[in-house]
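Structure first, then comments.
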Amino acid sequence: MPRNDVLRERKLEFVRLMDTRGSSLPAGKWAKNYWEIKLYRLKMKEDEDLNKHEKDFDQIIDKLRSLRVEIAEEEKTLIFLESLPDSFADAVKIVIHDTKKLTLAKAREQLKTIKVKLNLYRLEMKESEGLTKHEEDFDQIIEESKKLGVKMGEEQITLMFLASLPNSFADAVESVINAKEMLTLAQVRAKAGREWMKIKKELKREADNVKTRKG
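According to our numbering, the sequence shown is numbered sequentially starting from 1.
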């Protein structure tokens, strides 16, 4: 049975067990079951920091351990992965399928690396936000990648930046990737900056034409 199905069954089993206990649950077990419920209910918010979520998760695990409730490593890891929001869905799938022996530490390490890679591969400039904001977002992801030990050469970073530009930059991108020599990231950014000035003028002209027609 796939790991995510195992987790789903374990959660359903726990819910069924809680339903059968009712009010006859011994007082000494209230704390244990309360913290078990807290563990299964824990869900990271989309705008929440991952490190904070990890701390919240670990605190509940520590509380259960103090109550002599031990959870198997793989199950604990799956519960943690299940607690992540939808934005982590693809990263979680990769972690589950690529990790032979699923441990919480290994899953967390891989999760962060995969998530930052996915963020980089999916980053796309929005014309409404402008080139400067896009470059800041790009640089931030590159810095996060370096901190996590993700190794990328200058050429790869440059190509990632080019790939993140919208269709309005198509001509500029085409001229770079078909050039005899690969430009540096700084050169590509300078070229993108000049292209963005042209695009902004065109966008303004189109907006003015719309206003004129409406007027």
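Virtual Cβ for every residue (Gly too), placed ideally from N, Cα, C.
query: In whole angstroms, give me the CA-to-CA distance for Glu155 and Val173.; result: 14 Å
query: Skipping 5 residues on each side, what residues in its chain have a beta carbon closer than 7 Å to that of Thr212?; result: none
query: My parser needs the alpha helix (DSSP H) runs of 4 or more residues fully inside the stretch 90 to 149; what are they?; result: 104 to 122 and 131 to 147
query: Nearest by alpha-carbon distance to Ile114: which of Ser164, Ala91, Lys180 and Ala186 is it?; result: Ala91
query: Quick one, which of Glu48, Asn51 and Asp58 has its alpha-carbon nearest Lys38's?; result: Asp58
query: Decide if the stretch 78 to 96 is in contact with the stretch 34 to 50; the criterion is three or more beta carbon pairs, one per stretch, under 8 Å apart.; result: yes
query: Can we say the stretch 127 to 140 touches the stretch 105 to 112, given the rule of at least three CB pairs closer than 8 Å?; result: no
query: What span of residues does the alpha helix (DSSP H) with Lys200 cover, start to end?; result: Leu185 to Lys214
query: Glu48 by DSSP, collapsed to three states: which one?; result: coil
query: Considering only C-alpha positions, which residue in the set Glu144, Lys146, Thr132 and Lys147 is nearest to Leu165?; result: Thr132
query: Can you grab the Cα-Cα spacing for the pair Glu135 / Glu48, in whole Å?; result: 23 Å
query: Would you kindly report the start and end of the unbroken alpha helix (DSSP H) that includes Met160?; result: Glu154 to Ala163
query: Just tell me which of Lys200, Asn33, Glu46 and Glu70 has its CA closest to the CA of Ser168.; result: Lys200
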